[in-house]
């Protein structure tokens, strides 16, 4: 059995943990041997002492802003991704080789097919087309759109460059595909402000019969406006028709490892990834239901040491193997940023740049 061949939510926690630990120990050894900075930090670790996932050493996400962390030579760099760093601050630099990029795409397809089905859907993107052309904005936003676009067809951008609704494009897309399976994607705050709220203020009426809306990014501004997940989903259905909206948690530092929220609103760890919640005072693993700092583990990063990262987000594990949706593995909630952490989310960065 291979982690990369099984369904994303098929493995029980016990079986997955054993397989994932072996893979992560192997990645730790690989990065110690091939990344000088990683070797300086963890070269003295006795790999045989890693008995549990919590024993895997972790880097903090901000280190990728400060250091050029890669486990490949320059001539093997296939692509460099950037995080959505705030204005004036250096974004994370994530170095991919062809093998890691291929592995990320393979796993991403498996995860997304769980929510979209295997047939490619017609795709409506809640952004403007220049976001993937403009080098200044091609970071997490552009990478997110480009990374998911191959799951759709007949790609249509719903917004103009000034973030206004592209009414002509939306109407044409709706007329052609309203009764067919549709895939919508955008960053959460932008879908809300420039999509849903703009539709409410316009005379444009949409009624898609079978659409899935996947959205991701900072919820801070929605929380500031007192917009809950239930409100978002209800209003989205009012404006767009019969849609299933799923938020997902992920970051450019671990592309391919995404945690999609199920019908009950819980994020689920796929077979190739895991989350550990750590007490911010002791850094020991927190109990189920206890809030702490989110650590993300991924079986994918071979070209850079991003397989075990301590994020700047807080949350808690709800349970394992027993979610009402039937998917196995760890499921959890994200509560926002830890205190005194820079707000670097995609939505927040865009708003600062636009104001």
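Residue numbers (my numbering): 304 to 658.
Each residue gets a CB set at the ideal place from its N, CA and C atoms; glycine is no exception.
Nearest-angstrom Cα distance between residue 589 and residue 602?
22 Å
Kindly indicate the opening and closing residues of the beta strand (DSSP E) around residue 488.
484 to 490
Alpha carbon to alpha carbon, how far is residue 453 from residue 408?
9 Å
For residue 350, count neighbouring Cβ atoms within 10 angstroms of its own Cβ and tell me buried if that reaches 16, exposed if not.
exposed
How long is the line joining the alpha carbons of residue 636 and residue 562, rounded to whole angstroms?
10 Å
Contacts around residue 361, its chain only, beta-carbon distance under 7 Å, and the 5 residues preceding and following it disregarded:
Excluding sequence positions up to five before and after residue 361, its CB lies within less than 7 Å of the CB of 598, 611, 612 and 613, all in the same chain and listed in chain order.
For residue 518, count the other beta carbons within 10 Å of its own beta carbon; 16 or more makes it buried, fewer makes it exposed. Which is it?
buried
With DSSP run on the structure shown, which of helix, strand or coil describes residue 316?
helix
How big is the Cα-Cα spacing for residue 422 and residue 457?
13 Å
Return helix, strand or coil for residue 569, following the three-state DSSP convention.
coil
Only counting the same chain, and skipping five residues up and downstream in sequence, which positions put a Cβ closer than 7 Å to that of residue 538?
499
Any idea which residues DSSP pairs residue 601 with across the strands?
Residue 601 pairs with 576.
Using a threshold of 9 Å, state whether the C-beta atoms of residue 660 and residue 379 are closer than that.
Shown here, the chain extends from 304 to 658; a query on residue 660 therefore has no answer.
Quick check on the burial criterion: 16 or more other C-beta atoms within 10 angstroms. Buried or exposed for residue 396?
Buried is the call here.
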